[in-house]
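In structure tokens, the structure reads:
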């Protein structure tokens, strides 16, 4: 039985890896499509039906471009940079519960790659490492614009990680567990955390934008001032890996937001649906499969939101960014923790007498 | 600024509303090679050298078009019609070469107005397309003269 | 299995730590230091202290080393690093003596240490989990915990004081 589970885990991890790569690939397509639609254009529509093969064409182009390494660049670190960015981005989707349990025969299969009891801390730690890819790449390019981009990336990520962590603590106070699986299980039906944590969600959302270097916080790669920031000197697939890592990060952050605040794979009336089946196993499996679809729908909604915001808002100025992070979001997050703590105390006072 | 203005969130929501409205709007794009923009009836496109009802070239190489041309895009050399070529050229004098430089041409249509023989016209359904080489923009008689209606004679 | 993993990670830790010291390029030193933190986190996981492992990575590798790298980027770490450090004989002797003394102290401190041998039958494997850690911190070690918090507050106030803009003309 153990070997069955082991093989299953291997296949599942591969599948998750493949899915996140696929979603990242097609995020580039949808980014361009959404940008075009918002600007009253039609977007890429030449490669394949509706331009659906555009990501392949882009990848092909990137692979065949010249691989340029600046003469005075630190070669090892220059190559290491995009590698770290990509590795870290691909690692982080391991602890996200994409679905509940599937029961086949006697065995039950959890739709989560590794269920560690520190799941959210794992994601947090891995995401915080992502900045090394940008910093090392930017520094190794031996280019002032790249260096500025790297420095901006570093200070921005550190600043917003604080507010992100603090807004997370309020959720953890409600759930009492660091495991994403437990957090997801607690939000059955329509009992999502967003109803209890609207302020925390807002803070987390803004920090998520900053952590993934997306507009309006894409100062590390602002093309107008820094010619692309940390990836100014990169070309070919190394550039592609940086861009790819950004899209995987968006996918992961969307999945985390869906799990923490929007009930992961839970959807309204799921218990009614489960009980509608006579066979409990069948009911469970049907609910799980619909749940996976719901989870991905939520993730796609968030990815769409990320792109929607990108093509709506202009970029922040750097001092505004820092002021927002330190002077507004962190105090708000602390206030949110206090409010949540007070709320929990009041609830316990009234329910337990 | 009031508090709600300083929070920026209402303004951001408003902006998001505007962009999502545009998201579902009808697109302004015209997919060019497949569909073309509707042109005006007096659209001045690519030049054509007309033939008369018998299939003979109308142009008599008088050079009035070249004189009228503000961009000096038209050059031609005249030649005398030999015996037996009456079915090819209407007048006794004809254009041996007739070149329009499409890079210079501003498609003003003055040549069309200057022509006494009603030989040159700017078509309303054809454009001078983009090409890779500059040479290819110099249109000679091979590309300017109206093709014959029948396919028997070349 | 666990034992071989331990030896693997221990040797990796030592290797990375040595590389931190002997790397010529400070940026490589920082990267090896990050690797060292990772291997130490691996040790924590072997000890079933997952919370400590994660926090070690988040705090040290994720934040503090980013700041290290941040500062290093501003310093010109190009060619002239070798030349700027004066290496006279006296400094070498002083360095050797200091290092030797530190080594002696470490050896002396470790000589009389008795290693704890927890009984596998009564050993509680959940001792490193978040809940237990929190309970211990907020009951048994309440006072040190609060004192550390006060210490952080003091350092934060100090940082704000240093970073505060002075009144008067502002140049940007």
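Protein chains in written order, with the numbering used here: chain A, 1 to 353; chain B, 354 to 507; chain C, 508 to 679.
The C-beta atom is built at its ideal place from N, Cα and C for all residues, glycine as well.
Neighbour flag for residue i against chain A, beta carbons, 8 Å
i: residue 507 of chain B; result: Residue confidence is low: residue 507 of chain B scores 44 on pLDDT, short of 50, so the model does not pin down where it sits. Its coordinate-derived value is still stated next. Not closer than 8 Å to any Cβ of chain A, the Cβ of residue 507 of chain B fails to qualify, so no.
i: residue 640 of chain C; result: no
i: residue 607 of chain C; result: no
i: residue 558 of chain C; result: yes
i: residue 666 of chain C; result: no
i: residue 549 of chain C; result: no
Residues that residue i contacts on chain C, provided the C-beta gap is smaller than 8 Å
i: residue 326 of chain A; result: Within chain C, no residue comes near residue 326 of chain A; the closest Cβ sits about 10 Å away, beyond 8 Å.
Cα-Cα separation, residue i to residue j
i: residue 507 of chain B; j: residue 409 of chain B; result: The predicted model places residue 507 of chain B with a pLDDT of 44, which falls under 50 and marks its position as unreliable, so this point remains unresolved.
i: residue 478 of chain B; j: residue 381 of chain B; result: 22 Å
i: residue 60 of chain A; j: residue 241 of chain A; result: 13 Å
i: residue 509 of chain C; j: residue 550 of chain C; result: 10 Å
i: residue 379 of chain B; j: residue 669 of chain C; result: 57 Å
i: residue 224 of chain A; j: residue 150 of chain A; result: 16 Å
i: residue 647 of chain C; j: residue 318 of chain A; result: 45 Å
i: residue 194 of chain A; j: residue 93 of chain A; result: 22 Å
i: residue 460 of chain B; j: residue 403 of chain B; result: 17 Å
i: residue 197 of chain A; j: residue 67 of chain A; result: 47 Å
i: residue 140 of chain A; j: residue 371 of chain B; result: 42 Å
i: residue 450 of chain B; j: residue 471 of chain B; result: 18 Å
i: residue 679 of chain C; j: residue 260 of chain A; result: Because residue 679 of chain C sits at a pLDDT of 48, beneath the cut-off of 50, its placement in the model cannot be relied upon, and the point is left open.
i: residue 394 of chain B; j: residue 480 of chain B; result: 14 Å
i: residue 120 of chain A; j: residue 201 of chain A; result: 15 Å
i: residue 483 of chain B; j: residue 37 of chain A; result: 28 Å
i: residue 244 of chain A; j: residue 35 of chain A; result: 18 Å
i: residue 322 of chain A; j: residue 334 of chain A; result: 17 Å
i: residue 330 of chain A; j: residue 167 of chain A; result: 8 Å
C-beta neighbour in chain C for residue i, strict 8 Å
i: residue 116 of chain A; result: yes
i: residue 53 of chain A; result: no
i: residue 121 of chain A; result: yes
i: residue 3 of chain A; result: no
i: residue 128 of chain A; result: yes
i: residue 155 of chain A; result: yes
i: residue 178 of chain A; result: yes
i: residue 241 of chain A; result: no
Under 7 Å by beta carbon: chain C residues contacting residue i
i: residue 139 of chain A; result: 534, 580
i: residue 145 of chain A; result: The premise fails here: residue 145 of chain A is roughly 13 Å from chain C at the closest Cβ pair, so nothing lies under 7 Å.
i: residue 124 of chain A; result: 565
i: residue 173 of chain A; result: Chain C residues near residue 173 of chain A: none, gap ~12 Å exceeds 7 Å.
i: residue 131 of chain A; result: 573
i: residue 151 of chain A; result: 577, 580
i: residue 164 of chain A; result: Those within 7 Å of residue 164 of chain A in chain C number zero; the least Cβ separation is about 11 Å.
Beta-carbon neighbours of residue i, restricted to chain B and to distances below 8 Å
i: residue 42 of chain A; result: 380, 382, 384
Closer than 7 Å at the beta carbon, the chain B residues around residue i
i: residue 312 of chain A; result: 368, 369, 372
i: residue 334 of chain A; result: Within 7 Å Cβ-Cβ: nothing; residue 334 of chain A doesn't reach chain B, min ~18 Å.
i: residue 203 of chain A; result: The premise fails here: residue 203 of chain A is roughly 12 Å from chain B at the closest Cβ pair, so nothing lies under 7 Å.
i: residue 38 of chain A; result: 372, 375, 376
Within chain A, the residues that residue i reaches when beta carbons sit closer than 8 Å
i: residue 636 of chain C; result: 117
Under 7 Å from the C-beta of residue i: neighbouring residues of chain A
i: residue 365 of chain B; result: 313
i: residue 653 of chain C; result: Residues of chain A passing the Cβ test: none, with the nearest at roughly 17 Å.
i: residue 561 of chain C; result: 118, 121, 122, 125
Chain B contact residues for residue i, given Cβ-Cβ distances below 9 Å
i: residue 308 of chain A; result: 369, 372, 373, 376
Pick from the options that is closest to residue i, judged by C-alpha positions
i: residue 189 of chain A; options: A:230, A:232, A:336, A:287; result: A:287
i: residue 368 of chain B; options: A:311, A:4, A:108, A:87; result: A:311
i: residue 473 of chain B; options: B:437, B:398, B:446, B:441; result: B:398
i: residue 13 of chain A; options: A:229, A:128, A:90; result: A:90
i: residue 344 of chain A; options: A:175, A:313, A:37, A:131; result: A:175
i: residue 304 of chain A; options: A:10, A:5, A:3, A:29; result: A:29
i: residue 234 of chain A; options: A:284, A:146, A:100; result: A:146
i: residue 113 of chain A; options: A:17, A:352, A:275, A:348; result: A:17
i: residue 405 of chain B; options: B:431, B:442, B:392, B:396; result: B:442
i: residue 339 of chain A; options: A:236, A:23, A:40, A:170; result: A:170
Chain A residues whose Cβ lies nearer than 9 Å to that of residue i
i: residue 602 of chain C; result: Residues of chain A passing the Cβ test: none, with the nearest at roughly 28 Å.
Cross-chain neighbours of residue i in chain C, by beta carbon under 9 Å
i: residue 357 of chain A; result: The displayed coordinates of chain A run from 1 to 353. Any statement about residue 357 of chain A would go beyond what the structure contains.
i: residue 219 of chain A; result: The contacting residues do not exist; residue 219 of chain A stays about 15 Å from chain C at best.
Proximity test, residue i beta-carbon vs the ligand GDP heavy atom, cut-off 7 Å
i: residue 430 of chain B; result: The ligand GDP is absent from the structure shown, which contains no ligands of any kind.
Contact set between residue i and chain D, taken where Cβ atoms lie within less than 9 Å
i: residue 135 of chain A; result: Of the chains in the structure shown, none is chain D; the protein chains are A, B and C.
_Does the segment 460-470 of chain B come into contact with the segment 488-504 of chain B, if we say contact requires no fewer than three beta-carbon pairs (one atom in each stretch) closer than 8 Å?_
Here the segment 460-470 of chain B makes no contact with the segment 488-504 of chain B; the two share fewer than three CB pairs at distances below 8 Å.
*Spell out a yes or no on whether the segment 225-239 of chain A and the segment 160-179 of chain A are touching, meaning 3 or more CB-CB pairs, one atom from each, closer than 8 Å.*
No: fewer than three Cβ pairs fall under 8 Å.
*Spell out a yes or no on whether the segment 264-273 of chain A and the segment 211-224 of chain A are touching, meaning 3 or more CB-CB pairs, one atom from each, closer than 8 Å.*
As far as the Cβ criterion goes, the segment 264-273 of chain A does not touch the segment 211-224 of chain A, which means the pair count is below three.
*Inspect the CB distances between the segment 486-498 of chain B and the segment 510-523 of chain C and report whether three or more fall short of 8 Å.*
Taking 8 Å as the limit for Cβ pairs, the verdict is that the segment 510-523 of chain C does not touch the segment 486-498 of chain B.
*asked:* Tell me whether the segment 271-286 of chain A and the segment 125-136 of chain A touch, counting them as touching only if at least three CB pairs, one residue from each stretch, are closer than 8 Å.
replied: Because the criterion of three Cβ pairs below 8 Å is not met, the segment 271-286 of chain A and the segment 125-136 of chain A do not touch.
*asked:* For the structure I just gave you, are there three or more beta carbon pairs, one from the segment 67-79 of chain A and one from the segment 40-50 of chain A, closer than 8 Å?
replied: By the criterion of at least three beta-carbon pairs nearer than 8 Å, the segment 67-79 of chain A is not in contact with the segment 40-50 of chain A.
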